[in-house]
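Rendered as structure tokens:
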């Protein structure tokens, strides 16, 4: 493993002493192979620009059929690929659905090629061969040699600007291609419109409007070169050329400053000396070309690539330093790479002056907060936002402000479900924004009491939108009839948990009428429990349980991303009651044990999205979030040592400092947040409560440097790979007799000591 | 004729005494049959909204082939059609190219139909039969009964808002359809994107983005109903539905408030009593939905349809009253309908707060002027803008400000050629914006000397853009080689005239260096004159004239919209020199006479766009602008009486108070402006000079009420249909011995008397 990342370790000359330099443990390459769906390129903490190499350009359809490879390329990069098509400016981190890939830039020399070519045919287009041997991926820095052109490409960013540095060979035919056809999740009609204006021989502005996963999305740009191009041109690939005059008033393909259409690529030509660096700054804006220019000039006025890289990496080091751990090298790399992945999303979504495009497709100014987007809430409400409530409380409060703004702009009067770039994607189930809000309220992390009440009102409005998936029936019957909804059980369970969150927030705010209503709704999970089989089960409108039912498969069973085995354990807000449904402690423990140990038939793997034999432990699927709290449920039984054993085993099996080191999609940081909490020894089983269930720390020692100036320290006694069991825990010197700690105990600072043992 | 328009005349109860009511002479229906390309619907003077019935919806292509009928429907309405598809909010007036037709609204009752159907099959869709018997078209008011539904539809407007009043029968199934698929010049890919937000049960906002004739165009709207709809829905017709969630989180086709896609229609349902009026206000904005709402609430706060109509018609009466004429009924109808058509374009292009989208696709605020668009300058520089310099000097100055703003936002650094809605369409030849600017400078009608100099700088920059059609070669060689350009001769001639305009402006501003350069360029017309044949003729790069050359046909002869016969007379700025090219007075007169009297072979009509046997007099084509000055050229010969004879004959032959009363496209008011000038007895042969050539007035008497408070009166002695010859002219009592009057003589007020005779 060392070997693998040696390049990265050597590549940090500009940074401070290795001791406080935590960047050395960050390997963006982790998770770029197979399932992780993360990208290796450059980005700033929560940055609006994610500037990263795309190793292929995948058509959404082949011969009119969906192309399953699209899924592999959610982040644009696959470690096993041999060519790079170019460097695009927007990427999701770890998602299971894709979009973005805007503004692909590619430097080339020699004959001008404007077709990307195909991976199977070397030099068939402008793409270039590359090898990992000449590739470096660090926090906010990426470097690679483009072998076909002998061009060294380096990338770094600020929040809103991508900074490219290309070292060219000597050439009279040096090109920089701006590919506006390229995109991720790229079906034929994705590109809605593109406009480009060549302002002068170093400045180009424009916008790109797409309808991909985000239905109505426009990104504006301003791009400036460190050296004037001596000529430029455009090529269009539209089904029909947009009307723009006749009898050739102008040659509009060559040195013509105004281009528009659906599908186009531009090129800018230079003459370069051997080793000459041509630099390129590329700024994005959600509202206008002027906004992009403002961002460009504000964030990177000069051309000092090294300085921008240094500042970007310093910003990362500051974020990483919020947790200082002692652990072995592998664990440190897993831990700090998880911290890196956790602090990428949500992403900043406004210009430096606060301007952003709202969900109502009108322009707004963020008043007194930073507006964020990329809310993958079905994933991130579980552990990522709770982690922010400890390490990033100010940002988390702004994320909630951003969700409130989304709510106020929503034609459906709902909080975000899966939102990015002024769009609601209606992806996955539940209304988990309420969990994020309730968790912040429970932990006293909202701007004001008024704000908290407004936020609660938004939660109530969202949870009473009867036309939303099955919600009307859920409100009337206490469950979603399976005739109405393919995922009736998981949605019912998730609504019940979300309703409990609303109840907790209401209680905290002294709104007992709301508390009463939602406490009752929180018990709706019971309505889909079939005691005759001991599973949550699809239920028909007439109250009877559906006959055909397979507890192992997911498809058509009333669940999403989880089968009955896993989802039946989804009552995070009341494990005690869940245990009694299962018939008490003994039978519940047996059930959990079987989950982690059973052998699954092969057909299961064929059928279940995202799941491989490594991605699963028995029938426990760590790659899919509905199970993330499950290993901690033993804490509510008489065998909490099994939580300790399981979580340590999951840490080892599902995470590793290798390109294939993520057992599933990182899901905008949720998988990483699970790692961070678990490695520290505790986990938020039910966000919305102020408790964290205790597990078994993987670190030897950790200090959390909190925004309030206090420090919370986790120490271990007799830590070791085999010593996964917790004999005793003390908090500030006093024995802790319960299996949880509270948020207040963390935020007050102090010391939590785990006494480890090889035996339980 | 009376009969035909009787409906209109009866339909003016709300207006003041017939005596000052000039609206009675305005018949928007004139020119709606065949070639006029005008629309009969409602619009305000220079209004941004042109709310008019579309009688068919014409696909741009049929089986992949261009559909020539598209041309007939430039204004959406053809008099001979039997059905109305609906009422859309934007229309060109008299153009020879098409676009617009945005936001078609159609009221229906009974079964909901969302397909427009076809004209040949009654009731095949939502379109309705109608008859001219129940149709009324007035300035800013249109009324028709939709026979299939027994709905009375009435339309009026303010500058930025269309006001619909629908009188329904009793129905439980009353619908108002908003068709966002419909458009004029409507090829499959024209619709780029559409967004609709149902804000509440009376308010809907959104936008429509098209790439038609205008390449990158977005129009925003806000639409409000006088009565809440009880349900609504949308239907999409996209090749592919835009992604918007899965597992039916919502039923997005019914009562779902947020719609987006490329092709969609919406419906809004009501229950109506017999005779119940449902009203609808529809506001447009070039920049935002908020802007449209602002326009809506500012211009029509209430629901009083009659009051809005009354104000709109009063505004028209005010414009029409600027010229008071005595003439017979037909001439009055021709005259005031010409005034009406002349005051429709250019159109206001900004919100009430001055916001508009610039040519640079960024939003701007018009600072201290009204921003206009729809510049059909190849047509309108000839007589329409000169007419504005007399009757609408303030507006004309703002139009020039708008052209300067266009220039400042132009990536090509050029003044508009054919511009509308933040787009340059590069349509037709020349750079005639310089003629409009020079004419205003010559006539002292620019805001300031500084402004005039800026405007001149813009003219110079435009005329030196070497990459613009043949201009580089023109500058180097003094003509455009015919190898380079299919319209090399007409462009050379037009550049020469435009250059003369620049010279005149420079002289007036004391910039004699510029005057010298452009006075020389102004003589370039001589470089395409072939003395061996006595015609302007395509010339090759080597200086020789092109061998194959046919003086009658247009196609491929180096001309646009005019053959060698007509275009060879295009030296408006120096008729004297032109006459000597022709070999002097006698031979020139013979040439002109033949032009007006020769018999043309049939093949000519087959080949020549826009030309029918009625549209032509001999070989003189009044329907195409390059000839508009030709009849006045006799003034420079010893037989000016032939100008008098010809122009009176053209007035009679080419204009009439009938649906087919326009001999050719009105071309945004140019044909009408020719009528107005000629009927008054003078015409601006060379805009850029301060002279108007004298003709033969068709009116008995006319008073021009000028903005400066003065009145210029034209009187005739012994006027009559046969008395077309002018025996004598006096100006303010003094005999006028020249064949022109000056702009100053008009603007100083006074009296011009024509002494008419049946003999010359």
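Protein chains in written order, with the UniProt record's numbering: chain A, 1 to 760; chain B, 1 to 760.
Idealized CB from N, CA, C, for every residue including glycine.
Counting only Cβ-Cβ distances below 7 Å, residue 211 of chain B has contacts in chain A at 242, in chain order. Scanning the segment 411-470 of chain A from its first residue to its last, the whole alpha helix (DSSP H) runs of 4-plus residues come out as 433-442, 449-463. Think of a sphere of 9 Å around the beta carbon of residue 101 of chain B: no beta carbon from chain A falls inside it, the nearest being about 15 Å out. No Cβ of chain B is located within less than 7 Å of the beta carbon of residue 432 of chain A. When the beta-carbon positions are compared, residue 496 of chain A and residue 522 of chain A come within less than 7 Å of each other.
DSSP links residue 235 of chain B through a beta bridge to B:265. Contact between residue 46 of chain A and residue 344 of chain A holds: CB atoms are separated by about 7 Å, below the 8 Å threshold. Nearest C-alpha to residue 584 of chain B among B:558, B:639, B:545, B:605: B:639.
Residue A:570 holds the alpha-carbon nearest to the alpha-carbon of residue 492 of chain A among A:690, A:570, A:753. Leaving aside the five residues that flank residue 581 of chain A on each side, the residues in its chain whose CB is nearer than 6 Å to its CB run, in chain order, 529.
Within chain A, the residues 195 have their CB atoms less than 7 Å from the CB of residue 361 of chain B, given in chain order. A distance below 7 Å separates the beta carbons of residue 33 of chain A and residue 79 of chain A. When only Cα atoms are considered, residue 35 of chain B and residue 69 of chain A end up about 56 Å apart. For the pair residue 66 of chain A and residue 239 of chain B, the Cα-to-Cα distance works out to about 15 Å. Residues of the same chain with a CB within less than 8 Å of the CB of residue 527 of chain A, apart from the 5 flanking positions on each side, are 477, 478, 479, 492, 539 in chain order. Annotation: residue 589 of chain A has no Cβ neighbours in chain B at a cutoff of 8 Å; minimum Cβ distance is about 34 Å.
With its beta carbon less than 7 Å from one in chain B, residue 216 of chain A belongs to the interface. Residue environment analysis places residue 224 of chain B among the buried positions, since at least 16 neighbouring C-beta atoms fall within 10 angstroms of its C-beta. DSSP, read as helix, strand or coil, puts residue 202 of chain B in coil. With a threshold of 16 other beta carbon atoms within 10 Å, residue 737 of chain B falls short and is exposed. Beta-carbon to beta-carbon, residue 688 of chain B and residue 504 of chain B are separated by about 5 Å, close enough to satisfy the 8 Å threshold. In the DSSP annotation of this structure, residue 386 of chain B is not part of any beta strand (DSSP E); the continuous alpha helix (DSSP H) holding it starts and ends at 384-391. Judged by beta-carbon spacing, residue 488 of chain B lies within the 7 Å limit of residue 482 of chain B, meaning their Cβ atoms are closer than that value.
The three-state secondary structure of residue 509 of chain B, taken from DSSP, is coil. What residue 425 of chain B touches in chain A, judged by beta-carbon distance under 9 Å, is 243, 244, 245, going in chain order. The C-alpha of residue 649 of chain A lies about 33 Å from the C-alpha of residue 399 of chain A.
One thing to note: residue 142 of chain B has its Cβ no nearer than 7 Å to the Cβ of residue 108 of chain B. For residue 411 of chain A, a Cβ of chain B is located within less than 7 Å of the residue's own Cβ. With distances taken between CA atoms, residue 423 of chain A lies nearest to A:216 out of A:39, A:216, A:551, A:525. In the assembly as shown, residue 672 of chain A is a buried residue. Its beta-carbon has 16 or more other beta-carbons within 10 Å. DSSP places residue 373 of chain A within a strand segment (E or B) once states are collapsed to three.
In this structure, the straight-line span from the alpha carbon of residue 197 of chain A to that of residue 377 of chain B is close to 25 Å. As DSSP reads the structure, residue 197 of chain B sits in a beta bridge with B:205, B:258. One Cα belongs to residue 684 of chain A, the other to residue 96 of chain A, and the distance between them is close to 23 Å. In the three-state reduction of the DSSP assignment, residue 76 of chain A falls in the coil class, being assigned neither a helical nor a strand state. Residues of chain A with a Cβ closer than 8 Å to the Cβ of residue 250 of chain B are, in chain order, 412, 426, 467, 468, 469.
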